[in-house]
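**Q** Residue numbers (the working numbering): 15 to 513.
Where is the CB? At the ideal position from N, CA and C, for every residue including glycine.
Take this structure, written in structure tokens, and hold onto it; I'll ask about it next.
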Amino acid sequence: MVTDTRRRWLLLTVVSAGLLLITLDNSILYTALPTLVEDLGASSSEGLWIINAYPVVMAGLLLGSGTLGDRVGHRRMFLIGLVFFGIASLAAAFSTTPEALIAARALLAVGAAAMMPATLALIRVTFEDERERNVAIAVWGSLAIVGSALGPIIGGLLLHWFWWGSVFLVNVPVVIVAFIATMVVAPPNDADPSKRWDFLSSLLALVALVGLVIAIKETAKTDSSSLVISIALLATVVGGWTFGRRQRRLRYPLLDFAIFRNRAFLAGVLAAGFSMFAIAGIQLITTQRFQLVEGFSPLHAGLLVAAVALGALPTAMVAGATLHKVGLLPIIAGGLALSTVGSMLVLTTFDTSMGLLVTGLLVTGAGLGAAMAVASSAIMGNVPARRAGMASSVEEVSYEFGSLIAVALLGSLLTAIYTATISLPAGAPDSARDSLDAALGLAGDGNSSLIAAASEAFDSAYFVVMIVVTAVMAVGATVTGFLLRRHGPGSTLSATTHH
Numbered sequence: 015m016v017t018d019t020r021r022r023w024l025l026l027t028v029v030s031a032g033l034l035l036i037t038l039d040n041s042i043l044y045t046a047l048p049t050l051v052e053d054l055g056a057s058s059s060e061g062l063w064i065i066n067a068y069p070v071v072m073a074g075l076l077l078g079s080g081t082l083g084d085r086v087g088h089r090r091m092f093l094i095g096l097v098f099f100g101i102a103s104l105a106a107a108f109s110t111t112p113e114a115l116i117a118a119r120a121l122l123a124v125g126a127a128a129m130m131p132a133t134l135a136l137i138r139v140t141f142e143d144e145r146e147r148n149v150a151i152a153v154w155g156s157l158a159i160v161g162s163a164l165g166p167i168i169g170g171l172l173l174h175w176f177w178w179g180s181v182f183l184v185n186v187p188v189v190i191v192a193f194i195a196t197m198v199v200a201p202p203n204d205a206d207p208s209k210r211w212d213f214l215s216s217l218l219a220l221v222a223l224v225g226l227v228i229a230i231k232e233t234a235k236t237d238s239s240s241l242v243i244s245i246a247l248l249a250t251v252v253g254g255w256t257f258g259r260r261q262r263r264l265r266y267p268l269l270d271f272a273i274f275r276n277r278a279f280l281a282g283v284l285a286a287g288f289s290m291f292a293i294a295g296i297q298l299i300t301t302q303r304f305q306l307v308e309g310f311s312p313l314h315a316g317l318l319v320a321a322v323a324l325g326a327l328p329t330a331m332v333a334g335a336t337l338h339k340v341g342l343l344p345i346i347a348g349g350l351a352l353s354t355v356g357s358m359l360v361l362t363t364f365d366t367s368m369g370l371l372v373t374g375l376l377v378t379g380a381g382l383g384a385a386m387a388v389a390s391s392a393i394m395g396n397v398p399a400r401r402a403g404m405a406s407s408v409e410e411v412s413y414e415f416g417s418l419i420a421v422a423l424l425g426s427l428l429t430a431i432y433t434a435t436i437s438l439p440a441g442a443p444d445s446a447r448d449s450l451d452a453a454l455g456l457a458g459d460g461n462s463s464l465i466a467a468a469s470e471a472f473d474s475a476y477f478v479v480m481i482v483v484t485a486v487m488a489v490g491a492t493v494t495g496f497l498l499r500r501h502g503p504g505s506t507l508s509a510t511t512h513h
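Dropping the structure here:
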């Protein structure tokens, strides 16, 4: 017989497995993309959309799916999401054309968008004791970092032994086990048919968010199209303005903007975005630098940045367990400040000492792990249980946009600085300015002066981008510290949660 206590923690294991699948699929293609692009004969544009279809569609659907979960029940949404995710994984694994794989990735995003808000909402409604809930949410938050870090590692391992479709096929057994376990341990479905889910609001949110995503990504491209940017920004402005106006008129809005008046809630949302910006940015530029400059394999580069996740796990657990004693301020603002110190160590030692670099990554992860774990508690603990889906959707949109902005802006900044600072040796083709990849391809094994010049320029770009990451984390620590300055120990929950 399963006791209530054991059932709660088994549920946490199940929803954590779902979250791990979602975050893994965000980064697992980093190592598999070159292989599958070659096998499918995909163009560079198609390769980009194989990666982007997943986060773009998911970001657009998250807000609507969380609020829909408040109406139809979070257990039901989680199960529906698992089914979509399993079917899409099979379709992706056996895709024979780039178009089919892009469509499968979009379907994966539909499943992920249904599952992700439900994972956190189920924790919110299952763990009624505040201290238990803080620990459970800390586990949930730490897995967002772990999944992102494990993606390139698992992708590299699977590609070493199997074909590229295995990076999708590995999802299927986890989906089956999670589906069966959810039926056994999840609480009864908490549907509330009296709540209305406004389809038009969900569509407007989708238009605004997808438009913003496309605008950011297109702006970051070296060959960006002003027409695409203009259309995307127009969709964002019109969709966002219409969405906001509609919410103020609805009795049951998709997003109640009043929840942002709670400073602890707002600090949690910002901390989630700042943290994912740092994690995605450091992972992106560090794996590139050590593969291209130092000659690391994709697997070894993935193992290096896994130090961030390794540093995050213990602090996430400690933060969740001690939140009721120390409060939000020192953990969120202090965690972001600690990560700032760690990133400063990374940017000053990345080309001199591997030991100090790894130490910097561990310290950065330690700070981010604490901040992310408690950010989730700040968000979910400062809304009523009946708005758990809405709140979790807001958090996950913040996660997605933090990661998206980091990849788009920092990736383009890295390339721009490299192009502007490289000093080509005599006789080197000008196309070597395009990227370090291009320079290495042109140099081959015989042009050591070109390789040295390109590597030096890339290291200069890496240094500047790490300064940007460090500055953003410092801003995050300052802003969240200001918002939480009156939020002392024992005040992790707002009075609004009891209404």
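Is it buried or exposed, F279, if we count other Cβ atoms within 10 angstroms and call 16 or more buried?
**A** F279 comes out buried.
**Q** Whole angstroms is fine: what's the gap from F182's alpha carbon to R22's?
**A** Rounded to whole angstroms, F182 to R22 spans 29 Å at the Cα level.
**Q** Count Cβ pairs between the segment 163–180 and the segment 308–323 that sit closer than 8 Å; are there 3 or more?
**A** Judged by Cβ distances under 8 Å, the segment 163–180 makes contact with the segment 308–323, as three or more pairs qualify.
**Q** Alpha helix (DSSP H) containing A281: first to last residue?
**A** Segment 277–306, the alpha helix (DSSP H) holding A281.
**Q** If you drop the 5 nearest sequence neighbours on each side, which residues of the same chain put their C-beta closer than 7 Å to that of S30?
**A** V153, W154, L157.
**Q** My parser needs the alpha helix (DSSP H) runs of 4 or more residues fully inside the segment 319–392; what are they?
**A** Taking only runs of at least 4 residues, the alpha helix (DSSP H) segments lying wholly in the segment 319–392 are 342–363.
**Q** Is the Cβ of W177 closer than 8 Å to any Cβ of chain B?
**A** The structure shown has no chain B; it contains just one protein chain.
**Q** Are N185 and G100 closer than 8 Å when you measure CB to CB?
**A** Cβ distance < 8 Å, so N185 and G100 count as in contact.
**Q** Which ranges does the alpha helix (DSSP H) cover as unbroken runs of at least 4 residues, wholly within the segment 82–146, from first to last along the chain?
**A** Within the segment 82–146, the complete alpha helix (DSSP H) runs of at least 4 residues are 88–107, 112–140.
**Q** Return the CA-CA distance between A222 and A67, expressed in angstroms with no decimal places.
**A** Going by the C-alpha atoms only, they are around 16 Å apart.
**Q** Provide the residue span of the alpha helix (DSSP H) that contains D18, from first to last.
**A** Run containing D18: 18–41, per the alpha helix (DSSP H) assignment.
**Q** List the whole-angstrom C-beta distance separating L529 from L136, where the pair is believed to meet the contact cut-off of C-beta under 8 Å.
**A** Here the chain comprises residues numbered 15 to 513, so residue 529 is not present and cannot be evaluated.
**Q** Going by DSSP, what residue range makes up the alpha helix (DSSP H) through W255?
**A** Residues 240–261.
**Q** Quick one: using the 10 Å Cβ neighbour count with 16 as the cut-off for buried, is M368 buried or exposed?
**A** Flag for M368 reads exposed.
**Q** Please go through the same chain and pick out, in chain order, the residues whose beta-carbon is closer than 7 Å to the beta-carbon of S412, but skip the five residues on each side of it.
**A** V283, A286, G287, listed in sequence order.
**Q** Distance check for I431 and V188, CA to CA, integer angstroms please.
**A** So the alpha carbons of these two residues sit roughly 42 Å apart.
**Q** Below 8 Å between beta carbons: does that hold for V124 and F108?
**A** It is not a contact, given that the beta carbons lie outside the stated cut-off.
**Q** Cα separation between K231 and P112?
**A** The straight-line gap from Cα to Cα measures roughly 20 Å.
**Q** Using the Cα positions of L121 and L247, report the straight-line distance between them to the nearest angstrom.
**A** Approximately 25 Å between the Cα atoms of the pair.
**Q** Using the Cα positions of G161 and T81, report the straight-line distance between them to the nearest angstrom.
**A** Whole-angstrom Cα-Cα distance: 25 Å.
**Q** May I have the straight-line CA-CA distance separating S406 from G334, to the nearest angstrom?
**A** Answer to the nearest angstrom: the Cα atoms are 17 Å apart.
**Q** What distance in whole Å lies between the Cβ atoms of L497 and A281, which are believed to be in contact at a cut-off of 8 Å?
**A** About 4 Å; that satisfies the 8 Å criterion.
**Q** Please say whether A385 and L337 have beta carbons closer to each other than 8 Å?
**A** Result no, Cβ atoms of L337 and A385 do not sit closer than 8 Å.
**Q** For the alpha helix (DSSP H) holding L183, just list the boundary residues, first then last.
**A** Segment 180–183, the alpha helix (DSSP H) holding L183.
**Q** Decide yes or no for the touch test of the segment 413–427 against the segment 72–80: beta carbon pairs closer than 8 Å, at least 3 of them.
**A** A contact exists between the segment 413–427 and the segment 72–80.
**Q** Along the chain, where does the alpha helix (DSSP H) that runs through F271 open and close?
**A** Per DSSP, F271 belongs to no alpha helix (DSSP H) and is neither H nor E.
**Q** On the premise that S391 lies in contact with M487, defined as a C-beta separation below 8 Å, what is that separation, rounded to the nearest angstrom?
**A** 20 Å between Cβ atoms; not a contact.
**Q** In three-state terms, what does DSSP make of I481?
**A** Residue state, collapsed to three classes: helix.
**Q** Starting from S437, trace the alpha helix (DSSP H) in both directions and tell me its first and last residue.
**A** Taken as a continuous stretch (DSSP letters only), S437 belongs to no alpha helix (DSSP H), as it is neither H nor E.
**Q** Can you say whether T19 is buried or exposed, counting buried as having 16 or more other CB atoms within 10 angstroms of its CB?
**A** Answer is exposed; the Cβ neighbour count stays below 16.
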